[in-house]
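Participant: The listed protein sequences derive, respectively, from chains R and L.
The numbering used here applies: residue 836 is where the first sequence begins, and numbers increase by one.
The numbering used here applies: residue -14 is where the second sequence begins, and numbers increase by one.
Note that the Cβ used here is the ideal one computed from N, Cα and C, for glycine as well.
Given the structure is predicted, the values throughout are model-derived calculations rather than measurements.
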Amino acid sequence: MLEVQGAHAVHHELGFFRKYVWSLDHKVIGIQYLITSFIVALVAGALAMLIRLNLAWPAHVWPLLGKIFPHAMEGGVMKPEFYASLFTMHGTLMVFFFLSIALVGGFGNYLIPLQIGARDMAFPFLNALSYWTVLVGILVMFASFFAPTGAAAAGWVSYPPLSALKDAIPGSQIGQTYWIVGMVFFIASFTMGGLNFVTTILNLRAKGMTFTRLPLTTWTIFVVSILGILAFPALTAGSIMLLFDRHFGTSFFLPAGLYMSGQVQPHEGGSPLLWQHLFWFLGHPEVYILMLPPMGFTSDILSTFTRKPIFGYIAMVASVLAIGALSFVVWGHHMFLSGMNPYLGMFFTLNTMIIAVPSAVKTFNWMATLWGGKIRFTVPMLFALGIISIFVTGGLSGIFLGSSPVDIHLHDTYFVIAHFHFVMAGAALFGVFAATTLWFPKMFGRMMNEPLGKIHFWFTFIAYYCVFFPMHYLGMNGMMRRLYDPTKYEYLRADQPINVFISISAFVLGAAQLVFMINFFWSMFKGKKAGNNPWEANGLEWTTTSPPSARQLGWARSGGVPMAL
Amino acid sequence: MKTSARPKEGLFLGLTFGLIVVLGTVFFFKKWLPDLASDRVEIDHLFYTILIMTGIVFILVQGITGYFIWRYSDPTPERAVYLSHSRSLEITWTTVTALLMLALGVWGLSLWKNVTTGNAPSKALAVEITGQQFQWNIRYPGPDSKFGRVDPHLISDDNALGLDPKDKASKDDVVVQDDLYLVVNRPAIVTLRSKDVIHSFFLPNFRVKQDAVPGMSIDTWFTPTKIGDYEIACAQFCGLGHYTMRGMVHVLSQEQFDQKMKELGHVSYQHHLLTLKGE
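See below:
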C-alpha cells in the first residue's frame, strides 16, 4: 500500500550542492536549521559557563582564560563590560538563534509536510531563503564578538538609553548595531517561515487530515507561526527606530536632557518606555513561541509511550489557541515597575493570572494521559516527563511574578531568572532533546545510542534542578540579575556558597550536553539502522521510510491532486 | 518492537520527582525574604499566601506525576487503559483553577492599587532621588519644603543635579550622594528621576522597587518602621558599574533626622557660598 510507485519518474538525482546546501527540500532545510541551532547553542552555552564562573568567584584571576581572551580578560580577570556582553549574547543567542530556530525552523520544517501528508512546503524557495537569511543573522551576531569594543552589552532586552547612547557602555558602540542588524535578519527569516507554515497547514493537508485530527505538534507550530507573523514586526520597527536613534540623530526612545560623557545629549521628545512596549509586544508572544511546540511534542510523545491516546485532545487544542490569543495581552507584566501607568498594570496582572488556566489544563491532561498507561522509558519519553516537571515548577513561580505587588520585590532578581529558565528555556531545551531523540530515526534512518541518551537525560535533568531551583531562594533574598559581583552588597554575601553550588552544577550541566552532541553526530553515521516506525508510533510521518524518500509519503499528493490513502 | 524499558527506571524517575518535591519544599522553610523594615507587610502576606498555594500544587502535581511514572512503568504487552477524555473532570479542574487564579488576581489588584496609586499623607517626608551612572543623588527640599529648579545644562562636577542658583527654592536644597536619611514611622515620598539611563531604586528590606527613567518623574511612597541602616541597590542593569551602585538608607528618629539635616544643610550652604565665590 505504501510502496513508492513510479519514484523514478519524478526523482532525478541532484548534485551535492542542490541536495545539501541550497536545497529546497523541507527535510534538508529542517536539518540545516537544527544543526545550525546546535552550533549556536554550544556558543551560547559556553557564554553561560563564563557567566557562572564569574558569579561564583567574582573578579578572580584565571591565567589560562587571560590567554584565551587577551583583551576581555586582561590579566585573567573578567572585565565588567565583557561580563555584560556575555549575558546579553547568551540570552539573545539562546532565545532567538537556538531555541526559536531549532523548535520552529528545525522541527516545523521537518515535520509539517510529513505530519499533514504534503509533498513539501507551499513555498519551497521562501523556505530555503528563510534559512539563509537567519544564517546571515547568526553570522552578524557572532561577528559582533570581534568588534573592537565588544559585542552588545545592554542585556537581551536592549533597553534604551543604555543601548542607544554609544558612551553608555562599550557594547553600545558598534556591538549594539550588529545586534540590531542580526535581529532584523532573524525576524525577516521568521516571518518568511511563519507565512510558509501557515499557508502549508491551511492548504496542503492530505484528504481527511482535518483540523480535529491534526497532530498536536503541528497544531502548536501552526499557532506559533501565527504569533510570529503578528508579533515580530513590532520589533523590526523598534529595531530600525533604535538604529536611527543611534546613528541618524532621531529621538524615538530618547527624552530631552540626557546627560552623558560630560554633556547634555542633543535629543528630545522620545520615551524609553516605547521601546519596552515594542520589545515585549514581541517578547512575550516569543516565550510562548518557545513553549508551545514542546507542549505539542510532549503530548505526542506521552501518547506514544504510554500506549494511550492523548487525554482531552480538544481541550489541548483549545488551550493552545487560548494561550496564543492571551499571549498578546500580557506583555505589560514585564513592565510593572517601568513607570507605566499603574492602572495598566492591573489589566496585565489579571490577564497573566488567566493565562495560567490553559497552561494548568495542559498539565492535568498530561497527568491523565499517564494514568493507566503502559509507560515505556525511551529517551524521548524521559525528556517529555522532564518537561512536565520543569514546566510545572516554572509555571508556579510565574504566579508570584504575575501578581504585581509581589513582583515589586521579585522583579529583576534571580527569582525571575529561575522562573524563565524553568518555564520557557527549560521546557524548550528539553523539548529540543525530546524531539531530536524521537525524530532522529526518521531524519537519518538510524537510532541514537540509547545508553548515552539516558546518561545525557539523567545528568541534564538533575543538574538542571541544581542550577536553577536554588535561584528562587537567591531572588527571594533580593539578589539582582545582571550583577557582575554580588559580594559588593552586604546582604548578599551570605548567599555566596549558593552561587558556588549553582556554578559547579552548571559546569556539570554544560558537560552533559557534550554527551548529547557526540551521540547526535556519531549516531548520524554509525547508529543502529532504524525501521520505518521504531517507536510503534501513530502519525503519518511514521508510515513512510526512514529517511523519507524524495516522494515523501508514497501515497501523498501527486500533481497537485490529493490521493486517498 | 523490543522496548528498552526496565521497571526500575520508573522507580528511579518517580523517586527523583519525590526528591525534588522534598528538597524544594524543605528549603522554602528557611526565611529568605530580608527582614522587613517598612509598612509594606501586606506584600509579604500575599507572597506567603501564594507560596503556600503554589507549594501545595507543586507537591501534589509533581508527587502524583512521580507516582504515576512509577505505578504505570509497566512494559508488559497488555493494552493500556483507553481514556480519551472526561468532560466532568476537565470542567471541574478548569473551573477550580480559574477561580483560584481570579481570586489571587483580585487580591493582587487591590493591594497594587493601594501601593501604587494611593496619595501619600501631607506630612510625608519628600525626597527626590536621581540615578546616574553609578550613584544615587539624594535631594531634600530644605527648610522651605520646595525643590528648586534644575537644568541639565548647569550640571558640573560641583553641581551634580544642575541646580539653578537663580531659583530661590534651590538655595536651601540639600544634595547628598548614596546616603538616604528617613524618619521612622513617618511616610516618605520618593520622587525618582534619572540623568542618563534607566536605573531601578531597590530597597530589599522595604519591599520597595521602582525604575528611575530619564525624562520621567515617578513617585513611590512607603513608611519605614524600624530604626537602622539598610542597603539601597540598583536593580536595573545600567552599565559597567551597575554592581557598584550601592547606597545606604539610614532610618532615624525625628530628632536625629533634624540634626542630620542641619549638618547637611550647613555643609551644603558652605558649599554654595564657595561656589558663588568661585564664580
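Once the 5 residues before and after residue 883 of chain R are set aside, which same chain residues still bring their CB inside 6 Å of it?
Facilitator: On the first sequence, residue 883 of chain R is found 48 positions in, with the first residue counted as 1. Cβ within range, chain order: 925.
Participant: Please list, in chain order, all residues of the same chain as residue 955 of chain R whose beta carbon is under 6 Å from its beta carbon, the five residues on each side excluded.
Facilitator: As a position in the first sequence, residue 955 of chain R is number 120, starting the count at 1. Result list for residue 955 of chain R: 861, 948, in chain order.
Participant: Under 8 Å by Cβ, that's how I've got residue 209 of chain L and residue 191 of chain L pegged, so tell me the actual separation to the nearest angstrom.
Facilitator: Here residue 209 of chain L is taken as the residue at index 224 of the second sequence, counted from 1. Here residue 191 of chain L is taken as the residue at index 206 of the second sequence, counted from 1. Confirmed, about 7 Å.
Participant: In terms of residues, what are the limits of the beta strand (DSSP E) holding residue 110 of chain L?
Facilitator: What you label residue 110 of chain L is simply residue 125 of the second sequence in a count that begins at 1. Residue 110 of chain L -> beta strand (DSSP E) spans 110 to 117.
Participant: Would you kindly work out how many angstroms separate the C-alpha atoms of residue 940 of chain R and residue 1259 of chain R, rounded to a whole number?
Facilitator: Position 105 of the first sequence, counted from the first residue, corresponds to residue 940 of chain R. Position 424 of the first sequence, counted from the first residue, corresponds to residue 1259 of chain R. One C-alpha to the other measures close to 17 Å.
Participant: What does a CB cutoff of less than 6 Å around residue 230 of chain L pick up in its chain, not counting 5 residues either side in sequence?
Facilitator: The residue labelled residue 230 of chain L in the question sits at position 245 within the second sequence. These residues qualify, in order along the chain: 119, 219.
Participant: Note down, in chain order, every chain L residue with its Cβ under 8 Å from the Cβ of residue 1380 of chain R.
Facilitator: Sequence index remark: in the first sequence, residue 1380 of chain R carries index 545 (1-based). Simply none; closest approach about 17 Å.
Participant: Indicate whether residue 1294 of chain R and residue 1347 of chain R have their beta-carbon atoms separated by less than 8 Å.
Facilitator: On the first sequence, residue 1294 of chain R is found 459 positions in, with the first residue counted as 1. On the first sequence, residue 1347 of chain R is found 512 positions in, with the first residue counted as 1. Going by C-beta atoms, residue 1294 of chain R is nearer than 8 Å to residue 1347 of chain R.
Participant: Give the range of the alpha helix (DSSP H) segment to which residue 1186 of chain R is assigned.
Facilitator: Reading the first sequence from its first residue, position 351 is the one you call residue 1186 of chain R. Note, residue 1186 of chain R: alpha helix (DSSP H), 1177 to 1205.
Participant: Tell me whether residue 45 of chain L is buried or exposed, calling it buried when 16 or more other Cβ atoms sit within 10 Å of its Cβ.
Facilitator: As a working note, residue 45 of chain L is residue 60 in the second sequence. It counts as exposed.
Participant: Using the rule of at least 16 other Cβ atoms within 10 Å of the residue's Cβ for burial, across every protein chain shown, is residue 1154 of chain R buried or exposed?
Facilitator: For this step, residue 1154 of chain R is matched to residue 319 along the first sequence. By the neighbour-count rule (16 or more Cβ atoms within 10 Å), residue 1154 of chain R is buried.
Participant: Identify the continuous beta strand (DSSP E) that holds residue 143 of chain L and give its terminal residues.
Facilitator: Here residue 143 of chain L is taken as the residue at index 158 of the second sequence, counted from 1. Counting along the chain, residue 143 of chain L falls outside any beta strand (DSSP E), and DSSP gives it neither H nor E.
Participant: From the DSSP output, in three-state form, read off residue 1130 of chain R for me.
Facilitator: Position 295 of the first sequence, counted from the first residue, corresponds to residue 1130 of chain R. Note: residue 1130 of chain R maps to helix in three-state DSSP.
Participant: Which residues of chain R have a Cβ atom closer than 7 Å to the Cβ of residue 42 of chain L, listed in chain order?
Facilitator: Within the second sequence, numbered from 1, the residue matching residue 42 of chain L stands at position 57. Within chain R, the residues near residue 42 of chain L are 1231.
Participant: Considering only residues of the same chain and omitting the five flanking positions on each side of residue 1158 of chain R, which have a CB-CB separation below 7 Å?
Facilitator: The residue labelled residue 1158 of chain R in the question sits at position 323 within the first sequence. Excluding residues within five positions, the ones whose Cβ falls inside 7 Å are 1123, 1127, 1190, 1193, 1194.
Participant: Please classify residue 1038 of chain R as buried or exposed, where buried requires at least 16 neighbouring CB atoms within 10 angstroms.
Facilitator: One-based indexing of the first sequence puts residue 1038 of chain R at position 203. Under this definition residue 1038 of chain R is an exposed residue.
Participant: Can residue 972 of chain R and residue 942 of chain R be called in contact, C-beta distance under 8 Å?
Facilitator: Here residue 972 of chain R is taken as the residue at index 137 of the first sequence, counted from 1. Here residue 942 of chain R is taken as the residue at index 107 of the first sequence, counted from 1. Not in contact: residue 972 of chain R and residue 942 of chain R (Cβ atoms no closer than 8 Å).
Participant: Helix, strand or coil for residue 196 of chain L per DSSP?
Facilitator: Residue 196 of chain L sits at position 211 when you count from the first residue of the second sequence. Three-state DSSP puts residue 196 of chain L in a strand.
Participant: So if DSSP puts residue 217 of chain L in a beta bridge, which residue, or which two residues, is it bridged to?
Facilitator: Counting from 1 along the second sequence, the entry for residue 217 of chain L is found at position 232. For residue 217 of chain L, which the question treats as bridged, DSSP gives the partners L:232.
Participant: Alpha carbons only, please: which of R:958, R:978, R:1168 is nearest the one belonging to residue 97 of chain L?
Facilitator: Working through the second sequence from its first residue, we reach residue 97 of chain L at position 112. Nearest of R:958, R:978, R:1168 to residue 97 of chain L, Cα basis: R:1168.
Participant: What first and last residue would you give for the alpha helix (DSSP H) that runs through residue 1328 of chain R?
Facilitator: Counted from its first residue, the first sequence places residue 1328 of chain R at position 493. Element bounds for residue 1328 of chain R: 1325 to 1328.
Participant: So, is residue 1042 of chain R buried or exposed, given that buried needs 16 or more other C-beta atoms within 10 angstroms?
Facilitator: To locate residue 1042 of chain R, count along the first sequence from 1; it is residue 207. Exposed.
Participant: I'd like the list of long-range same chain contacts for residue 199 of chain L, defined as Cβ closer than 8 Å, with 5 residues on each side in sequence excluded.
Facilitator: As a position in the second sequence, residue 199 of chain L is number 214, starting the count at 1. Contacts found: 178, 179, 180, 181, 182, 183.
Participant: Under the rule that 16 or more other beta-carbon atoms within 10 Å means buried, what is residue 25 of chain L, buried or exposed?
Facilitator: Counting from one through the second sequence, the residue named residue 25 of chain L turns up at place 40. When all chains shown are included, residue 25 of chain L counts as buried.
Participant: Quick one: which residues of the stretch 124 to 140 of chain L get their C-beta closer than 7 Å to a C-beta of chain R? List them in chain order.
Facilitator: So the close ones are 137, 138, 140.
Participant: Determine the closest residue to residue 1065 of chain R out of R:1355, R:1025, R:1307, R:1035, with distance taken between C-alpha atoms.
Facilitator: On the first sequence, residue 1065 of chain R is found 230 positions in, with the first residue counted as 1. The option with the nearest alpha carbon to residue 1065 of chain R is R:1025.
Participant: Ignore the nearest five residues each way along the sequence and tell me which others in residue 155 of chain L's own chain have a CB closer than 7 Å to its CB.
Facilitator: As a first step, residue 155 of chain L is located in the second sequence; it is residue number 170 there, counting from the start. Same-chain partners within the cutoff: 133, 134, 148, 149.
Participant: Any beta carbon of chain L sitting closer than 8 Å to that of residue 1383 of chain R?
Facilitator: Within the first sequence, the letter at position 548 stands for residue 1383 of chain R. Residue 1383 of chain R does not count as touching chain L.
Participant: Using the beta-carbon of each residue, which ones in chain R are nearer than 9 Å to residue 207 of chain L?
Facilitator: Here residue 207 of chain L refers to the residue found at position 222 when the second sequence is read from its first residue. Correct list: empty, because the minimum Cβ distance to chain R is about 10 Å.
Participant: For residue 240 of chain L, decide whether its Cβ has a neighbour in chain R, counting only Cβ atoms nearer than 8 Å.
Facilitator: Taking the second sequence and counting its residues from 1, the one referred to as residue 240 of chain L is at position 255. False, the Cβ-Cβ gap to chain R never drops below 8 Å.
Participant: Compile a chain-ordered list of the residues in the stretch 158 to 185 of chain L whose CB is closer than 7 Å to at least one CB of chain R.
Facilitator: So the close ones are 180, 181, 182, 183, 185.
Participant: Is the stretch 1366 to 1374 of chain R in contact with the stretch 903 to 923 of chain R, if contact means three or more CB pairs nearer than 8 Å?
Facilitator: The stretch 1366 to 1374 of chain R, when compared against the stretch 903 to 923 of chain R, does not touch it at the 8 Å Cβ threshold.
Participant: Just to confirm the assignment, what range does the alpha helix (DSSP H) spanning residue 1272 of chain R have?
Facilitator: For this step, residue 1272 of chain R is matched to residue 437 along the first sequence. Unbroken alpha helix (DSSP H) run through residue 1272 of chain R: 1262 to 1279.
Participant: For residue 1076 of chain R, which residues of its own chain have a beta-carbon under 6 Å away from its beta-carbon, when the five flanking residues on both sides are left out?
Facilitator: To locate residue 1076 of chain R, count along the first sequence from 1; it is residue 241. Cβ neighbours of residue 1076 of chain R beyond the five flanking positions: 1087.
Participant: Are the C-beta of residue 911 of chain R and some C-beta of chain L separated by less than 8 Å?
Facilitator: Counting from one through the first sequence, the residue named residue 911 of chain R turns up at place 76. For residue 911 of chain R, the answer is no, since every Cβ of chain L falls outside 8 Å of its Cβ.
Participant: Within the stretch 2 to 82 of chain L, note down every full alpha helix (DSSP H) run reaching 4 residues or more, in order along the chain.
Facilitator: 26 to 56, all fully within the stretch 2 to 82 of chain L.
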